[in-house]
Structure formats: structure tokens, C-alpha cells
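One structure is given below, encoded as C-alpha cells.
There are 2 protein chains.
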Amino acid sequence: MSAQKLLNQAQQVCSKRGVRFTPLREHVFVLLANQQGAVGAYELLDQLKKSDASAKPATIYRALDFLSKQGFVHKIESINAFVMCHHFGECNHPVQLLICDQCGYVEESQSNDLENTIQAMAKVSGFQITHQIVEAHGCCANCQ
Amino acid sequence: MSAQKLLNQAQQVCSKRGVRFTPLREHVFVLLANQQGAVGAYELLDQLKKSDASAKPATIYRALDFLSKQGFVHKIESINAFVMCHHFGECNHPVQLLICDQCGYVEESQSNDLENTIQAMAKVSGFQITHQIVEAHGCCANCQ
DNA sequence: TATCTCTTGTTATATATTCTTATTATCCAT
DNA sequence: ATGGATAATAAGAATATATAACAAGAGATA
């Protein structure tokens, strides 16, 4: 999906939810939308600085925090990077990521089986899951 | 399992593998073994400093790196913390963690189902997995 | 002993988050 | 509309977390 389409969609979602999609947040959103695969926060910060020299780490992290909460981007915990979610409009799915260690490509996948299996595993221990992180590293089809 | 037993076991594993379980590494190992649940690196560093005032971040991270590679401890990516593995002797299992956000308790669990499901999910995309992170957050049986 | 490798010490730097204060937007009463 | 109260957002500084780079030391091997 194009960056412009994603942006429009995000604007609609924000206005529907009554949250503020400020210029700063939009800016970071667009930076991410134009990015292939995962990006680090400081790489985004460098890009942001080109048009806003006063940007600081907290600036970018706050924006990323907002975008995550809205489900527009996902944080990849295992490599401290961020990736745009290309179907935030559709549903509130749990995130499962396939991360190519060669080229940085990140694929988002959705398996109900996996979700169910994790829930089953937790149940055995009487554990109540609120959210989960599933990140698989390896080599994508292209890089093999 | 007691800290002492774990230590003995780790010593045996190291000598079998021909890797050096230096005093420093042992020390960090024991700190972790005596810990309930997850610990941050800088918390360990503070403890280490009590007997070795010259310890620095790199000191602890190097030791943790070694212990991770040997499978003695696991890093929890989603909270930047470390936890002792209580069955490193048994097998080379993929790690699945249940993390209680209330009390910090971490349970390691092992589901072949889950492993298989993830592999199946990857196969659909022609993705080859080398390793994976599964971390479920929520509330343990005790805290409910 | 000479050499090679692994480990550690030390410093600097990269990455990430928190806290406090200031600013801006929104809402409501006038 | 206008001003004032309130809440959300942003700036800035400080701190927490993690790694890199290089020099020095200790162990193993021949």
C-alpha cells in the first residue's frame, strides 16, 4: 500500500477515535511508511532532524509511542526497531513477525493456531495473558 | 533447584564444552541463581560492585553474553532483563516465557505444539527460522 | 619461552526512557 | 466570539540501558 493511502487511512482512524494526529506524529508516520522493513529510532531521528533540527530522542520516542498505541506501527523488541503495520485498519490482531536477518525485511503474519496454542500453554500454568511477543528470526524467501 | 546445584551443573557443562567458567562469570551466575524472577543488567552490576568496585557495564554484559551463549540464562527482550534457566542441562529447547507483570515472576515453558505452529506459519511464506522469541505478558496464577 | 587466543579493564559512545516544566489545543461559560 | 480552566502534547534535561573499540593481562599450546 502507498504511503499516501496509509496516511489517509490513519487520519481517518484518528479522527474516528478522537485522538490527535499532530504534524509531528504525521511526519514520523510518513517517514516510517516510506521505509522498507524495520528502522531504528535514531535512524528516524536523523531523518526527522533534516526538517526539525531541534528534534531529540524523546521527540521520536513519543511519536513512536503514540503510533504504536494506535496500532499503526509495531515495535520489534528483539532488535529495537520499528516497522509500519500495513493493515491497522482491519483488526486488532496479535502481532507475529518474521524478521529476515539478512535483508531486514519484516513480514507480519497472523495465525489463529499460534494464538490458540499460546493461550493453551498459558492455561496449563493458570497464567492469564494480556499481550504477547512472537518474533521469529531467520532468512526470508528472497535471501535463500 | 538450589543455586549450589545449578552452579555445579554449570561447571560440569563448561568443562565438558571446554569453555572457561571464570570467577567473574561464576560470580554473575550465582547472582542470577539467587534471584527470584527477572533482573536488569544494571541491578546485577550494582550487586557485583559490592565485591568488585571496578565493575563496569561492559563487565556485566560480557558475562551475561557468555551465560546466554551457554544457555544458562535467557534474555527477556521485551523488558530488558535476564532470568536464570533452570534446565539448561536437559536440552537445547526453544524458549517460551510467561512473564507476570505484577510480581516479575517468569515461567519458562516448552510447547512442541507452539514450536510446530510457528514453523508451519513460516513455511507458508517460505521463511527459514533460525531462532524465535516468544514472550507472553500477563498475570500469573498467584497474582490473580 | 614464544606465540596465539581468550578474557578483562577502561573509556567512549550509542540507544532508550523518565521526569519536570512549558506550551498548545479543547471545552465550556460567559 | 472571548477568556479562562482543563487536559493533552511537546521541549528539555537527566538518567537508564547497551555496545564498541582498544589496550592490557592471563591461559593454553607447541
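Heads up: the sequence lines are chains A and B, in that order. By our numbering, the letter at position 81 of the first sequence is numbered 81, and the numbering carries on one by one without gaps. By our numbering, the letter at position 111 of the second sequence is numbered 1111, and the numbering carries on one by one without gaps. Beta carbons: idealized from backbone N, C-alpha and C, even for Gly.
Checklist entry - If you compare alpha carbons, which of A:Val30, A:Gln36, A:His86 is closest to alanine 63 of chain A? => result Indexing the first sequence from 1 puts residue 63 of chain A at position 63. Of A:Val30, A:Gln36, A:His86, the residue nearest in Cα terms is A:Val30.
Next on the checklist: Could you give the first and the last residue of the continuous alpha helix (DSSP H) run that contains histidine 27 of chain A?
Outcome noted: To locate residue 27 of chain A, count along the first sequence from 1; it is residue 27. From DSSP, the alpha helix (DSSP H) with histidine 27 of chain A extends over 23-33.
Item to check | Listed by chain order, chain B residues near glutamine 128 of chain A by CB distance under 7 Å | outcome: Within the first sequence, the letter at position 128 stands for residue 128 of chain A. Here the neighbours are Gly1138, Cys1139, Gln1144.
Checklist entry - For methionine 1084 of chain B and chain A, any beta-carbon pair shorter than 9 Å? => result Taking the first residue of the second sequence as 1, we reach residue 1084 of chain B at position 84. No, no contact with chain A.
Item to check | Residue span of the beta strand (DSSP E) that contains cysteine 100 of chain A, given as start and end | outcome: Walking along the first sequence from the start, residue 100 of chain A turns up at place 100. Note, cysteine 100 of chain A: beta strand (DSSP E), 96-100.
Item to check | Chain-ordered neighbours of histidine 1131 of chain B on chain A, where CB pairs are closer than 7 Å | outcome: As a position in the second sequence, residue 1131 of chain B is number 131, starting the count at 1. The answer, in chain order, is His137.
Next on the checklist: Please report whether the beta-carbon of valine 1124 of chain B lies at a distance below 9 Å from any beta-carbon of chain A.
Outcome noted: Within the second sequence, the letter at position 124 stands for residue 1124 of chain B. It does: the Cβ of valine 1124 of chain B has a partner Cβ on chain A nearer than 9 Å.
Next on the checklist: Would the stretch 1064-1084 of chain B count as touching the stretch 1093-1106 of chain B if we require 3 or more Cβ pairs under 8 Å?
Outcome noted: yes
Next on the checklist: Would leucine 1007 of chain B pass as an interface residue toward chain A - the criterion being a Cβ-Cβ separation below 9 Å?
Outcome noted: As a working note, residue 1007 of chain B is residue 7 in the second sequence. By this cut-off, leucine 1007 of chain B is not an interface position.
Next on the checklist: Ignoring anything shorter than 3 residues, give me the beta strand (DSSP E) runs that lie fully in the stretch 1007-1091 of chain B, in order along the chain.
Outcome noted: 1073-1076, 1081-1084
Checklist entry - Mind checking whether alanine 136 of chain A and histidine 1131 of chain B have CB atoms under 9 Å apart? => result On the first sequence, position 136 is the one that residue 136 of chain A refers to. On the second sequence, position 131 is the one that residue 1131 of chain B refers to. Against a cut-off of 9 Å, the Cβ pair of histidine 1131 of chain B and alanine 136 of chain A comes out as a contact.
Checklist entry - Residues of chain B with a CB under 8 Å from the CB of leucine 64 of chain A: which are they? => result Numbered from its first residue, the first sequence carries residue 64 of chain A at position 64. The contacting residues do not exist; leucine 64 of chain A stays about 16 Å from chain B at best.
Checklist entry - What residues match up with glutamate 1135 of chain B in a beta bridge as DSSP calls it? => result Translated into positions along the second sequence, residue 1135 of chain B becomes position 135. Answer by DSSP bridge pairing, in chain order: A:Ile133, B:Leu1097.
Checklist entry - Going straight from the alpha carbon of glycine 1104 of chain B to that of leucine 97 of chain A, what length do you get? => result As a working note, residue 1104 of chain B is residue 104 in the second sequence. As a working note, residue 97 of chain A is residue 97 in the first sequence. Answer to the nearest angstrom: the Cα atoms are 25 Å apart.
Next on the checklist: For threonine 1059 of chain B, tell me which candidate among B:Pro1023, B:Gly1089, B:Asn1034 has the shortest Cα-Cα distance.
Outcome noted: For this step, residue 1059 of chain B is matched to residue 59 along the second sequence. Threonine 1059 of chain B has its Cα closest to that of B:Pro1023, out of B:Pro1023, B:Gly1089, B:Asn1034.
Item to check | Spatially closest choice to cysteine 100 of chain A from A:Thr117, A:Gly138, A:Ala122, by CA coordinates | outcome: Taking the first sequence and counting its residues from 1, one reaches residue 100 of chain A at position 100. Residue A:Gly138 is the option with its Cα nearest to cysteine 100 of chain A.
Item to check | Identity of the residues DSSP links to glutamine 128 of chain A by a beta bridge | outcome: Numbered from 1 along the first sequence, position 128 holds the residue referred to as residue 128 of chain A. Glutamine 128 of chain A is bridged to B:Cys1139.
Next on the checklist: For serine 109 of chain A, list the residues DSSP reports as bridge partners.
Outcome noted: Within the first sequence, numbered from 1, the residue matching residue 109 of chain A stands at position 109. Looking at the DSSP assignment, serine 109 of chain A forms a beta bridge with A:Gln96.
Checklist entry - Count the other CB atoms within 10 Å of the CB of alanine 120 of chain A; is the residue buried (16 or more) or exposed (fewer)? => result Within the first sequence, numbered from 1, the residue matching residue 120 of chain A stands at position 120. Result: exposed.
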